[in-house]
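Written out below as structure tokens is the structure these notes cover.
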Amino acid sequence: MTPAAPLRVAVLSFAHTHALSYVHALRSMPDVTLIATDPDGASAPDDAPRGAELAAQLGVEYVDTYDDAFAWKPDAVVIAAENSRHRALVERAAAAGVHVLCEKPLATTVDDAGAMREACERAGVTLMVAYPVRFAPSVREAIAELRSGRLGRVLGVTGVNNGKLPQDRAWFTDPELAGGGALVDHVVHCADLLDELLAERAESVRAVSNSILHGQRDLAVETGGLVTIQYPSGVIATIDCSWSWPMSSPTWGGLTLQVVAEKGTVTVSPFAHGVAGHDAQAETWIPVGADLDALLLEEFVRAVREGRHPQPDAGVGIRTVEIATAALASAARGGEIVALR
Numbered sequence: 135m136t137p138a139a140p141l142r143v144a145v146l147s148f149a150h151t152h153a154l155s156y157v158h159a160l161r162s163m164p165d166v167t168l169i170a171t172d173p174d175g176a177s178a179p180d181d182a183p184r185g186a187e188l189a190a191q192l193g194v195e196y197v198d199t200y201d202d203a204f205a206w207k208p209d210a211v212v213i214a215a216e217n218s219r220h221r222a223l224v225e226r227a228a229a230a231g232v233h234v235l236c237e238k239p240l241a242t243t244v245d246d247a248g249a250m251r252e253a254c255e256r257a258g259v260t261l262m263v264a265y266p267v268r269f270a271p272s273v274r275e276a277i278a279e280l281r282s283g284r285l286g287r288v289l290g291v292t293g294v295n296n297g298k299l300p301q302d303r304a305w306f307t308d309p310e311l312a313g314g315g316a317l318v319d320h321v322v323h324c325a326d327l328l329d330e331l332l333a334e335r336a337e338s339v340r341a342v343s344n345s346i347l348h349g350q351r352d353l354a355v356e357t358g359g360l361v362t363i364q365y366p367s368g369v370i371a372t373i374d375c376s377w378s379w380p381m382s383s384p385t386w387g388g389l390t391l392q393v394v395a396e397k398g399t400v401t402v403s404p405f406a407h408g409v410a411g412h413d414a415q416a417e418t419w420i421p422v423g424a425d426l427d428a429l430l431l432e433e434f435v436r437a438v439r440e441g442r443h444p445q446p447d448a449g450v451g452i453r454t455v456e457i458a459t460a461a462l463a464s465a466a467r468g469g470e471i472v473a474l475r
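For the sequence shown, the numbering used here gives the first residue as 135, with consecutive numbering after it.
Pasting the structure below:
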């Protein structure tokens with residue numbers, strides 16, 4: 135039997151910091167040929183390495199433009215560009231018949247997210263959304279436990295997703311490129327887990343936010359907020375989202391989800407385990423456990439090779455964008471409840 139040709143994967147942009155771990159994961163996979171491009175890196179409003187410089191550090195072949203990347207005829211692309219640039223790249227990939235893994239959030243508007251799904255459905259290509267936290271073994275075990283029915287009906291959920299201000303990627307605080315601040319960056323991960331756990335679309339959203347944190351930087355987006363989500367079953371979920379961790383922290387932050395059911399509670403905190411210590415300069419933290427980005431990439435590559443559609447898909451991406459955009463609208467209106475139906 136003739137061995138299958140290597141899967142050709144192009145990483146489009148280094149804007150999102152997860153792009154670095156995606157490259158590492160793909161480089162370690164057998165029968166994957168990899169290139170990268172980052173044409174917007176030269177004009178990025180920060181000093182973090184981008185473009186050819188970063189590609190050289192990562193040891194990945196680099197091409198100068200998106201045109202060059204598509205001329206290479208990839209089988210799949212990983213889109214890690216700024217949020218508002220996702221739609222154009224996804225639609226271009228769909229037009230070329232190329233499968234897509236797109237960084238979260240899928241888009242900055244619900245209309246854009248829907249158009250991206252439609253483009254990929256017409257082309258018959260995969261559109262997967264990069265939500266790595268759902269691949270954490272502790273998350274999967276918790277969801278399996280709750281679905282078993284042993285704890286009874288879910289009554290409520292408290293989610294926390296806090297972290298550092300992403301100052302090394304200044305586009306995160308640009309409302310045009312990011313679509314918002316902490317409400318966009320940190321709500322969607324919890325919203326994805328809620329989507330998987332509850333298997334129902336949110337009914338309404340209420341949010342409050344402010345820019346008290348890092349106020350001296352005169353940022354144009356919110357740096358903290360609290361979101362309340364109501365579901366048709368009666369479940370109420372809250373998400374505490376902020377860029378509240380100090381820049382001196384040895385780790386970026388963490389996500390925790392506590393689920394209250396009729397007969398007990400379940401708490402998952404995928405990033406809580408690590409080895410703490412100090413070096414000559416500061417406190418250190420080495421995380422232990424599964425590489426969630428690698429698990430995400432393994433599922434995407436396997437699905438492309440097997441010709442199936444993986445989860446989380448575009449439907450999840452759209453529903454989480456609905457929650458994030460409703461949260462922004464609610465906060466802008468002083469905490470007014472925004473209905474999603």
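Cβ coordinates follow ideal geometry from the N, Cα and C atoms, glycine included.
Q: Please report how far the alpha carbon of G449 lies from the alpha carbon of G368, in whole angstroms.
A: On the sequence shown, position 315 is the one that residue 449 refers to. On the sequence shown, position 234 is the one that residue 368 refers to. Cα to Cα, G449 sits roughly 22 Å from G368.
Applying the 10 Å Cβ sphere with the 16-neighbour rule, what's the burial state of H323? Counting from 1 along the sequence shown, the entry for residue 323 is found at position 189. Buried, because 16 or more other Cβ atoms sit within 10 Å of the Cβ of H323.
Where the beta strand (DSSP E) through T167 begins and ends = Numbered from 1 along the sequence shown, position 33 holds the residue referred to as residue 167. Residues 166-171.
Reduced DSSP category for M479 - H, G, I as helix; E, B as strand; rest coil: Residue 479 is absent from the structure shown; the chain starts at 135 and stops at 475.
Problem - Secondary structure, beta strand (DSSP E): runs of 3+ residues fully inside the region 344-420 - result: List check, beta strand (DSSP E) in window: 358-364, 370-379, 387-395, 398-402, 408-412.
Helix, strand or coil for I213, going by three-state DSSP, please let me know. In the sequence shown, counting from the first residue as 1, residue 213 sits at position 79. In this structure, I213 counts as strand in the three-state DSSP scheme.
Legend entry - Exposure of R303, with buried meaning 16 or more beta-carbon neighbours within 10 Å: The count along the sequence shown starts at 1 and reaches residue 303 at position 169. Result: buried.
Checklist entry - Can at least three beta-carbon pairs, one atom from the region 412-421 and one from the region 382-396, be found at a separation below 8 Å? => result Taking 8 Å as the limit for Cβ pairs, the verdict is that the region 382-396 does touch the region 412-421.
Query raised in the report: Could you give the C-beta distance for T307 and V355, rounded to a whole number, given that I count them as a contact under 8 Å?
Result: If you number the sequence shown from 1, residue 307 lands on position 173. If you number the sequence shown from 1, residue 355 lands on position 221. Confirmed, about 5 Å.
Determine the direct distance from the alpha carbon of K397 to that of L154, and round the result to whole angstroms. Along the sequence shown, read from residue 1 onward, the residue named residue 154 stands at position 20. Along the sequence shown, read from residue 1 onward, the residue named residue 397 stands at position 263. L154 and K397: Cα-Cα distance of roughly 42 Å.
Contact between the region 233-253 and the region 208-218: three or more CB pairs below 8 Å? Taking a cut-off of 8 Å on C-beta distances, the region 233-253 touches the region 208-218, as three or more cross pairs fall below it.
- prompt: Which full runs of the beta strand (DSSP E) of 3+ residues lie inside the region 187-259, going along the chain?
  reply: Whole beta strand (DSSP E) segments, 3+ residues: 210-213, 233-237.
**Prompt:** Between the C-alpha atoms of A325 and I370, what's the straight-line distance to the nearest angstrom?
**Reply:** Within the sequence shown, numbered from 1, the residue matching residue 325 stands at position 191. Within the sequence shown, numbered from 1, the residue matching residue 370 stands at position 236. Using only the alpha carbons, I get a separation of about 12 Å.
Original post:
Taking three-plus beta-carbon pairs below 8 Å as touching, is the region 142-149 in contact with the region 193-210?
Top reply: When C-beta atoms of the region 142-149 are compared with those of the region 193-210, three or more pairs fall below 8 Å, so the two segments count as touching.
Cα-Cα, which of A189, V321, V232 is closest to V267?
If you number the sequence shown from 1, residue 267 lands on position 133. Nearest of A189, V321, V232 to V267, Cα basis: V321.
Where does the unbroken beta strand (DSSP E) through G292 begin, and where does it stop?
-> The residue you call residue 292 lines up with position 158 of the sequence shown. The sequence given here has Thr at residue 292, not Gly. Per DSSP, the unbroken beta strand (DSSP E) holding T292 starts and ends at 288-298.
Using C-beta distances below 8 Å, list every residue in its chain close to M135, excluding the 5 sequence neighbours before and after it, in chain order.
As a position in the sequence shown, residue 135 is number 1, starting the count at 1. For M135, the predicted structure reports a pLDDT of 37, less than 50, and the residue's modelled location is therefore unreliable. A value from the coordinates is still provided. Here the set comprises nothing.
Give me the residue from T292, P444, G315, V288 with the minimum Cα distance to T372.
In the sequence shown, counting from the first residue as 1, residue 372 sits at position 238. Checked all of T292, P444, G315, V288; the closest Cα to T372 is T292.
Practice item. Within its chain, find whatever has a CB closer than 7 Å to the CB of T199; leave out the 5 residues flanking it on each side and keep chain order. Key: For the purposes of this step, residue 199 is identified with residue 65 of the sequence shown, where counting begins at 1. Excluding sequence positions up to five before and after T199, its CB lies within less than 7 Å of the CB of T171, P173, all in the same chain and listed in chain order.
For this session: Within the same chain, show all residues whose beta-carbon is closer than 6 Å to that of N295, passing over the 5 residues directly before and after it, in chain order.
Result: The count along the sequence shown starts at 1 and reaches residue 295 at position 161. The beta carbon of N295 sits closer than 6 Å to the beta carbons of H320, H323, C324, C375, L389 from its chain, once the five residues preceding and following it are set aside; these are given in chain order.
Next item on the list: Kindly list the residues whose CB is nearer than 6 Å to the CB of L188, restricted to its own chain and excluding five residues on each side of it in sequence; keep chain order.
Entry: Here residue 188 corresponds to residue number 54 of the sequence shown, with the count starting at 1. So the list reads F148, once near-sequence residues are dropped.
query = Contact between the region 244-253 and the region 439-453: three or more CB pairs below 8 Å?
reply = Yes: the two stretches touch, three or more of their Cβ pairs being nearer than 8 Å.
(message) For V472, list the residues DSSP reports as bridge partners.
(response) Position 338 of the sequence shown holds residue 472. Looking at the DSSP assignment, V472 forms a beta bridge with V339.
Exercise. So, are the CB atoms of L430 and A270 less than 8 Å apart?
Worked result: Looking up residue 430 in the sequence shown gives position 296. Looking up residue 270 in the sequence shown gives position 136. A distance of 8 Å or more separates the beta carbons of L430 and A270.
Worksheet entry | Neighbourhood of I277 by C-beta, 7 Å cutoff - its chain only, sequence neighbours within 5 removed | Numbered from 1 along the sequence shown, position 143 holds the residue referred to as residue 277. So the list reads E330, L331, once near-sequence residues are dropped.
Requested in this report: Could you tell me if D427 is buried or exposed, where buried requires 16 or more neighbouring beta carbons within 10 angstroms of its beta carbon?
Outcome: Counted from its first residue, the sequence shown places residue 427 at position 293. Of the residues assessed, D427 falls on the buried side of the cut-off, its CB having 16 or more other CB atoms within 10 angstroms.
*Going along the chain, which residues of its own chain have a beta-carbon closer than 8 Å to the beta-carbon of I346, five neighbours each way excluded?*
To locate residue 346, count along the sequence shown from 1; it is residue 212. Counting only Cβ-Cβ distances below 8 Å, and skipping sequence neighbours, we find T357, G358.
Handout entry: Buried/exposed call for S162, threshold 16 Cβ in 10 Å
Key = Locating residue 162 in the sequence shown gives position 28, where the first residue counts as 1. By the C-beta density criterion, S162 is exposed, having fewer than 16 other C-beta atoms within 10 angstroms.
How many Å lie between V224 and I213 at the Cα? Here the question's residue 224 lines up with position 90 in the sequence shown. Here the question's residue 213 lines up with position 79 in the sequence shown. So the two alpha carbons sit approximately 8 Å from each other.
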